[in-house]
Amino acid sequence: MLFLNLLRESFLFALNALRVNRLRTVLSLLGITIGIFAIIAVFTAVDSMANKIKTSVQSLGQNVVFIQKWPWFTKGDYAWWKYMNRPVMKIDEADELTRRLTGASAVVYTVNNKSTAHYQTSYVENVTIVGTTFGYNRVKNFDLSSGRYFTEQEFANGRAVVLIGANVASALFRDEDPLEKSILMMGRKMTVIGVFKAEGESMVGNSSDDQVVMPLDFARTMMDAEKDELDPYIMVRAKDGVTTPELKDELTGVMRSLRRLKPEEEDNYALNEVSVLSQPLESLFGVIGTTGWIIGAFSILVGGFGIANIMFVSVRERTSQIGIQKSLGAKSWFILMQFLAESVVLCMLGGFIGLILDYVLVLIANKTLDYGFILSTANISLGITISILIGIISGFIPAYSAAQLDPVEAIRSNS
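Going letter by letter, the sequence shown gives residues 0 to 414 in numbering that gives the first Met the number 0.
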């Protein structure tokens, strides 16, 4: 209890000293404020973008391999002239993969196209048509805000039924319930049986908000599902317990067999996985985060020197007071705690102001960009921790010098 009371008195002394010297206090904490603001602002941006990418990538499906004509990334030069001559994915290949693969839980053939959706006098341009086979919901992660998913019979018969994205539903139907209504695309009528839950912008361009998903056999009545320009692809999801590398090894063997490739021939298809989308961006975010540390560190370093200088001035101004306290029985550690508390409180004030500025910046950015920036608890804790550490480091030497003063010499001082 004695220790806690002395600690409480130390903080009260510190607060009083800061209140008496308001202008000096404000000028001293500017460096810390700018430093904390810079570091946490960068980390907030990086964490928000990384979270956005993670969410977008997860929506593509976990443990999913995309078999396509074009690779997403390659080592070295991107040999587009070689990839251009590759054959596109065939529906028969997806059927064979379904029969032969032992490590897959779902195989889905998918083709995308662009068109305009009409409902009465309303229309939406550049809507993505997604023609797909049964099992799409087992490969891609999504939620429906209303309605239902397709039945296996609707896929088998190529029924004219569709799921529409949130943006499509809002633009075509406004406040009207879209379920069981008919829309017109590419000269064909189709019935809405479900609406995707709004996802927002996707970092990898796979948001369902502007999509119309339909059974592949119905989509084939409007377009050639094996047309080169549409770049059809096959999505394969691994069974539980089967890793992505294991699935890719099995896919390689089956695909080379289906395409009758000789041992010395290169693969004429690409096995893409979602991890390659996030890895380059994660490296970029690491560089941005390091840059944020460097920029913030310089500001904090300058602020720390400013705090130390102010603390030395404070010790000099209160030398006589220190001497009186020690002559009345105050211990050296109490004097040290008194000045160390003042330094820590000063730095924490600067840190809190920096965090408040970050919070205001996040509110403005979200209102302006509608991106979804989040000032996380981890970043707030980091800002507070850095402030406390800088306060301890900057204030220790001045506080220690004050604690070591001789009471007699200190009382005689005119400082």
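We put the beta carbon where it would ideally sit given N, CA and C, even for glycine. A quick note: this is a predicted structure, and the numbers were derived from the prediction, not measured.
- With respect to the C-alpha of residue 329, the residue from 378, 406, 308, 398 having the closest C-alpha is 406.
- For residue 323, the closest C-alpha among the options 235, 309, 140, 402 is that of 402.
- When the beta-carbon positions are compared, residue 273 and residue 129 stay at least 8 Å from each other.
- Annotation for residue 190: the continuous beta strand (DSSP E) segment containing it runs 187-195.
- Residue 270 carries a strand assignment under DSSP once its states are collapsed to helix, strand and coil.
- For the 8 Å CB-CB criterion, residue 361 and residue 374 form a contact.
- For residue 136, the uninterrupted alpha helix (DSSP H) run begins and ends at 135-138, by DSSP.
- Across the structure, residue 124 and residue 42 are spaced so that their CA atoms are roughly 37 Å apart.
- Secondary structure of residue 131 (DSSP, three-state): strand.
- Between residue 182 and residue 117, the CB-CB gap stays under 8 Å.
- For residue 337, the enclosing alpha helix (DSSP H) covers residues 331-368.
- Counting C-beta atoms within 10 angstroms of its own C-beta, residue 186 has fewer than 16 neighbours from the protein chains shown and is therefore classed as exposed.
- Under the three-pair Cβ rule at 8 Å, the stretch 100-117 does not count as touching the stretch 288-300.
- Assigned with DSSP and collapsed to three states, residue 159 falls in coil, not helix or strand.
- Residue 314 sits in a helix when the DSSP states are folded into three classes.
- By the 16-neighbour rule on beta-carbons within 10 angstroms, residue 268 is buried.
- Ranked by Cα distance from residue 132, the options 119, 146, 158 are led by 158.
- Counting only residues of its own chain and dropping the five nearest sequence neighbours on each side, residue 241 has a CB closer than 6 Å to the CB of 102.
- Distances from the alpha-carbon of residue 398 to those of 136, 137, 314, 243 put 314 closest.
- Sequence-distant Cβ neighbours of residue 238 in its own chain, meaning closer than 8 Å and more than five residues away, are 102, 103, 104.
- Using a Cβ distance threshold of 8 Å, residue 212 and residue 135 count as a contacting pair.
- Ranked by Cα distance from residue 147, the first of 171, 192, 121 is 192.
- Shown here for residue 219: same chain residues with a beta carbon closer than 8 Å to its own, the five before and five after excluded, namely 130, 157 in chain order.
- Assignment of residue 120 by DSSP, reduced to helix, strand and coil, places it in the coil class.
- Look at the beta carbons and you see the stretch 343-359 touching the stretch 23-33: at least three pairs across the two are nearer than 8 Å.
- Judged by DSSP in its simplified three-state form, residue 115 adopts strand.
- Bounds of the beta strand (DSSP E) holding residue 237 are 232-237.
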